[in-house]
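Chemist: The structure is given below, and queries will be raised subsequently.
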Amino acid sequence: MIQETMSGRVLKQDHVDPVRTVAGVDVGFEERNTITRAAVVVLHFPSLVVLEESVARRPTSFPYVPGFLSFRELPAVLDALQQLVVKPDLFLCDGQGIAHPRRFGIASHLGVLTNVPSVGVAKSILVGKHGEVPDKRGAWQPLWHREEIVGAALCTRVKTRPVYISIGHRITLETAIEYVMRCTTKYRLPETTRHADKLASNR
DNA sequence: GCGACAG
DNA sequence: ATCTTGTCGC
Numbered sequence: 002m003i004q005e006t007m008s009g010r011v012l013k014q015d016h017v018d019p020v021r022t023v024a025g026v027d028v029g030f031e032e033r034n035t036i037t038r039a040a041v042v043v044l045h046f047p048s049l050v051v052l053e054e055s056v057a058r059r060p061t062s063f064p065y066v067p068g069f070l071s072f073r074e075l076p077a078v079l080d081a082l083q084q085l086v087v088k089p090d091l092f093l094c095d096g097q098g099i100a101h102p103r104r105f106g107i108a109s110h111l112g113v114l115t116n117v118p119s120v121g122v123a124k125s126i127l128v129g130k131h132g133e134v135p136d137k138r139g140a141w142q143p144l145w146h147r148e149e150i151v152g153a154a155l156c157t158r159v160k161t162r163p164v165y166i167s168i169g170h171r172i173t174l175e176t177a178i179e180y181v182m183r184c185t186t187k188y189r190l191p192e193t194t195r196h197a198d199k200l201a202s203n204r
């Protein structure tokens, strides 16, 4: 299957150019899921000032099937990306990178297609398990799946559930965690995804 | 066969 | 993801 083939193209080393812009990517739905709405928000790094926003809507063409999220959401995301004037140096996606049954979640799919470094920032686990994460900002535990470290459960805020970080493309887990922390201020989720989330859901 | 299952 | 107000807790 294409996910297994494409996962071979994921670069698990740091090939990250100096990061001046970080983009948050998220998707929402309208009209009883018949319309897919993708949002991309580009922030200046490290100031996290919003530089540009992009929204794209298109008919939903694929159902939600766990493990195949990118087929449902990426087409609209690519539409939104084409409208951007500023080229992002790094993508922070809602969902998994290689913390996926076939090591090719939406963050990896987006990273490989665009050849831009990407990171998966998920609110819940698709596959894998982890030890208890110390309740301290920045603390993390490896996420294991089939004797392999596929990501990290990261505490971005005390007394809050961890977020699940995994590499998408052209980055290492340690570097990914570092950027996620630097994009997170007072909330559980990075500012990038919070902005994209707001745009994708019309709030 | 029985659960689990990103958004 | 989405349907939805107030409310419990730090």
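In my numbering, the protein residues as written are 2 to 204. Cβ coordinates follow ideal geometry from the N, Cα and C atoms, glycine included.
1. Can Thr22 and Asp90 be called in contact, C-beta distance under 8 Å?
2. Exposed or buried, Ile168, counting other C-beta atoms within 10 Å across all chains shown (16 or more means buried)?
3. Determine the extent of the alpha helix (DSSP H) in which Asp80 is found, giving its start and end residues.
4. At which residues does the alpha helix (DSSP H) containing Ser8 begin and terminate?
5. Can you list the beta strand (DSSP E) stretches of 3 or more residues lying completely in the stretch 84-118, in chain order?
6. Give a single yes or no on whether Ile99 has its beta carbon closer than 7 Å to a heavy atom of the ligand NAP.
7. Once DSSP output is grouped into helix, strand and coil, what is the label at Thr176?
8. Would a C-beta distance cut-off of 8 Å place Val78 and Ala100 closer than the cut-off?
9. If we ignore side chains and look at the alpha-carbon of each, how far apart do Arg58 and Phe92 end up?
10. In angstroms with no decimal places, state the Cα-to-Cα distance between Ile3 and Arg104.
11. Would you identify the three-state DSSP class for Arg131, choosing helix, strand or coil?
12. Applying the criterion that 16 or more other CB atoms from any shown protein chain within 10 Å of the CB defines a buried residue, is Gln97 buried or exposed?
13. To the nearest angstrom, how far is it from the Cα of Pro163 to the Cα of Ser125?
Modeler: Reading from the atomic positions:
1. A contact, by the Cβ cut-off of 8 Å.
2. buried
3. Per DSSP, Asp80 belongs to the alpha helix (DSSP H) from 70-83.
4. Counting along the chain, the unbroken alpha helix (DSSP H) around Ser8 starts and ends at 3-8.
5. 91-95
6. Absence of the ligand NAP from the depicted structure is noted, as is the absence of any ligand whatsoever, leaving it without description.
7. Note: Thr176 maps to helix in three-state DSSP.
8. No, Cβ-Cβ distance for Val78 and Ala100 is not below 8 Å.
9. One C-alpha to the other measures close to 20 Å.
10. Distance from the CA of Ile3 to the CA of Arg104, rounded to the nearest whole angstrom, comes to 11 Å.
11. According to the sequence shown, residue 131 is His rather than Arg. Note: His131 maps to coil in three-state DSSP.
12. buried
13. 9 Å
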